[in-house]
Amino acid sequence: MNKGKLFILSGQSGVGKNTIAKQMLENLDLVKIITCTTRDPRPDEIDGKDYFFLTEEDFADKIGNNYFLEYAKVHNWHYGTPKEQAENLLNDGKNILMVIDVQGGVQIKEKMPEARLIFVKYTDGKLEDQIRNRMKNDSSRKELTEEEILKRIESAKKEASYIQDYDYAVTNPDGQPEKAIEEIGGIISKEINEN
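Per UniProt numbering, the very first residue in the sequence shown carries number 1; after that it's consecutive.
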């Protein structure tokens, strides 16, 4: 049996990574790894389906036990990928799609150079406007203060510095996610079909 392929979807804060990933999982031969986080669940999220929601203490214990393939602190919360889950799926020939932050993507590429990293970015020159629009129009997120929005904008600028570490960079134009979905779907399909 051929080993599965690992695809990492990362990008700037609020760029639409989860919307894109949902379409990829519905339309392509991909499975999702359920990652761990210390943040509180959003109203529509389910523990064990969307994330494994952990306390800071539980997360720290798992770090100490070498449980994670990668982990990082993002917006004051920890996120991590269970190593055994990833290895088992890949060994079973499953193609995996992971949505993780840019730090985690780079960590995985160092450990697994065969992983394919896809960076989703805002339209050049429109980052601030697009972040403000997405944060206001996303009903799954609590309303953000101006200070929180400014933090997201600063994070997005820092996250953009990781583009050169990624195999692909795709723009998700505001209000037209189908364009990014189509482009990323093409990238993943091509990579899956190459032996």
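Glycine included, C-beta positions come from ideal geometry on N, C-alpha and C.
On a predicted model such as this, the values are computed, not experimentally measured, just so you know.
By Cβ distance, which residues of its chain are closer than 8 Å to residue i, with the 5 residues on each side in sequence left out?
i: D40; result: F53
i: G16; result: V120, R134, N172, P177 and A180
i: M1; result: D92 and G93
i: S189; result: L28
I'd like the span of the alpha helix (DSSP H) that includes residue i, first residue to last.
i: Y60; result: The sequence given here places Ala at residue 60; Tyr does not occur at that position. Taken as a continuous stretch (DSSP letters only), the alpha helix (DSSP H) holding A60 covers E56 to G64.
i: T19; result: K17 to N27
i: S155; result: E146 to A160
i: A86; result: K83 to N91
i: I187; result: P177 to N193
i: I108; result: V102 to K111
Using alpha carbons as the reference points, say which of the options lies closest to residue i.
i: E128; options: G185, E191 and A156; result: A156
i: K73; options: E45, K179, C36 and D92; result: C36
i: I100; options: I153, T123 and Q12; result: Q12
i: Q130; options: M112, I149 and P113; result: I149
i: H78; options: Q85, A86 and D61; result: D61
i: Q107; options: E154, E143 and G80; result: G80
Pull up the distance between the alpha-carbon of residue i and that of residue j, whole angstroms please.
i: E159; j: D165; result: 11 Å
i: T19; j: K83; result: 24 Å
i: E26; j: P177; result: 15 Å
i: Y168; j: F119; result: 6 Å
i: E56; j: G48; result: 17 Å
i: N65; j: G125; result: 43 Å
i: F59; j: N76; result: 13 Å
i: L89; j: I33; result: 9 Å
i: E114; j: R152; result: 30 Å
i: E110; j: D174; result: 32 Å
i: I187; j: M98; result: 15 Å
i: F7; j: T38; result: 23 Å
i: V31; j: E194; result: 18 Å
i: M112; j: Y122; result: 27 Å
i: L144; j: S10; result: 22 Å
i: G185; j: A86; result: 21 Å
Apart from the five residues just before and just after residue i, which ones in its own chain have a Cβ nearer than 6 Å to its Cβ?
i: D104; result: The question names Asp, yet the displayed sequence has Gly at residue 104. Excluding residues within five positions, the ones whose Cβ falls inside 6 Å are E70 and A72.
i: E183; result: V170
i: Y162; result: V102
i: residue 230; result: No statement about residue 230 is possible, as the shown extent of the chain runs from 1 to 195 and does not include it.
If I'm right that residue i touches residue j with Cβ under 8 Å, what's the distance once you round it to whole angstroms?
i: K3; j: G93; result: 7 Å
i: D29; j: N95; result: 6 Å
Please work out which residues of its chain come closer than 7 Å, Cβ to Cβ, to residue i, disregarding the five sequence neighbours upstream and downstream, and give them in chain order.
i: E45; result: Y51
i: Y67; result: P82 and K83
i: I63; result: Y71
If I follow the unbroken beta strand (DSSP E) through residue i, where does it start and stop?
i: I118; result: R116 to K121
i: T35; result: Premise fails: T35 is in no beta strand (DSSP E) and is neither H nor E.
i: residue 204; result: In the structure as shown, the chain starts at 1 and stops at 195, and residue 204 therefore has no counterpart that could be examined.
i: Y51; result: It is not in any beta strand (DSSP E) - Y51 carries neither H nor E in the DSSP assignment.
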